[in-house]
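S.K.: Numbering (full-length UniProt numbering), first residue to last: 1 to 213.
Handing you a structure now.
Have a look at this one:
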């Protein structure tokens, strides 16, 4: 189980799946911070590792430390701004695979519940009418004896959105100690697909990375 209380980042390298003059697409391992943490022992992270090979790499978005999968990085401030705007305007498509602890009530649907920080139990988030709007679409991929394998599409990008929305359905993600999922070696959440328009050519680019679970 990967936690910030005992940060021991994985030693596996960060695979670079795409590189051009504008951007990079990389595969983040589970257990690796996307950006540096506050403490000195939390400086080993994805962006620092990538910058060893691509010193101009810049963060555009993040994945939770415990989540694996696809991340896009910019190679200039102009591209960073363009990609950040694409994420903000929902012009970037992302899909995740997750294993849920429990049986989904429906084979497909959506969760539209506002989220905000649970200040007394940080870093947890919670459903609250005063929170920011959040929308997740889900589709059942496979029913299993002890859970559900699902495809998740976050329409918005709130902190811990997928984790809290699945909890709201009564099916926390397996390995999610923060939100009550049953124990597993890792959080069973993986960013498997990413699609966006290239900031220079406007060509639609798509990447897939199969879940390691």
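For each residue, glycine too, the CB sits at the ideal point set by N, CA and C.
Under 8 angstroms by Cβ, that's how I've got residue 152 and residue 206 pegged, so tell me the actual separation to the nearest angstrom.
M.R.: Wrong, their Cβ atoms sit about 17 angstroms apart, outside the cutoff.
S.K.: To which residues of the same chain is residue 110 closer than 6 angstroms at the C-beta, ignoring the five residues directly before and after it?
M.R.: Taken in chain order, the residues that qualify are 137.
S.K.: For a minimum of 4 consecutive residues, which ranges assigned as the alpha helix (DSSP H) are wholly contained in the UniProt domain "Pseudouridine synthase RsuA/RluA-like" (23-167)?
M.R.: Listed in chain order, the complete alpha helix (DSSP H) runs (minimum 4 residues) inside the UniProt domain "Pseudouridine synthase RsuA/RluA-like" (23-167) are 46-53, 77-88.
S.K.: Taking the alpha-carbon positions, what's the residue 73 to residue 145 distance?
M.R.: Spanning the two alpha carbons is a distance of roughly 38 angstroms.
S.K.: Quick one: what does DSSP say residue 210 is sitting in, helix, strand or coil?
M.R.: In the structure shown, residue 210 sits in coil (DSSP, three-state: anything other than H, G, I, E or B).
S.K.: For residue 178, name the three-state secondary structure that DSSP assigns.
M.R.: Helix.
S.K.: In chain order, what residues of the same chain lie with their CB nearer than 7 angstroms to the CB of residue 129, ignoring the 5 residues before and after it?
M.R.: The residues are 114.
S.K.: Got a sec? Which residues, its chain only, sit under 6 angstroms from residue 186 by beta carbon, not counting five neighbours each side?
M.R.: Correct list, in chain order: 30, 175.
S.K.: Could you check the C-alpha separation between residue 203 and residue 87 for me, to the nearest Å?
M.R.: One C-alpha to the other measures close to 16 angstroms.
S.K.: Please tell me whether residue 27 and residue 63 are closer than 8 angstroms, where the distance is taken between their beta carbons.
M.R.: For residue 27 and residue 63, no; Cβs fall outside 8 angstroms.
S.K.: Could you say which of 191, 150, 61 lies nearest to residue 68 if we only look at CA atoms?
M.R.: When only C-alpha atoms are compared, the closest one is 191.
S.K.: Output the distance between the C-alpha atoms of residue 154 and residue 167, rounded to the nearest integer angstrom.
M.R.: For residue 154 and residue 167, the distance between alpha carbons rounds to 15 angstroms.
S.K.: Thinking C-beta only, is residue 105 closer than 8 angstroms to residue 23?
M.R.: The answer is no: Cβ separation not under 8 angstroms.
S.K.: Can you give me the C-alpha to C-alpha distance between residue 180 and residue 148, rounded to a whole angstrom?
M.R.: C-alpha separation (whole angstroms): 16 angstroms.
S.K.: From this set, 143, 197, 75, 108, which residue's C-alpha is nearest residue 89's C-alpha?
M.R.: The candidate whose alpha carbon is nearest that of residue 89 is 197.
S.K.: Over what stretch of residues does the beta strand (DSSP E) that includes residue 196 continue unbroken?
M.R.: From DSSP, the beta strand (DSSP E) with residue 196 extends over 189-197.
S.K.: Do you know offhand how far residue 57's Cα is from residue 49's?
M.R.: Computed Cα separation, rounded: 10 angstroms.
S.K.: Suppose you measure from the CA of residue 118 to the CA of residue 201; what does that come to, to the nearest Å?
M.R.: Their backbone Cα atoms lie some 42 angstroms apart in a straight line.
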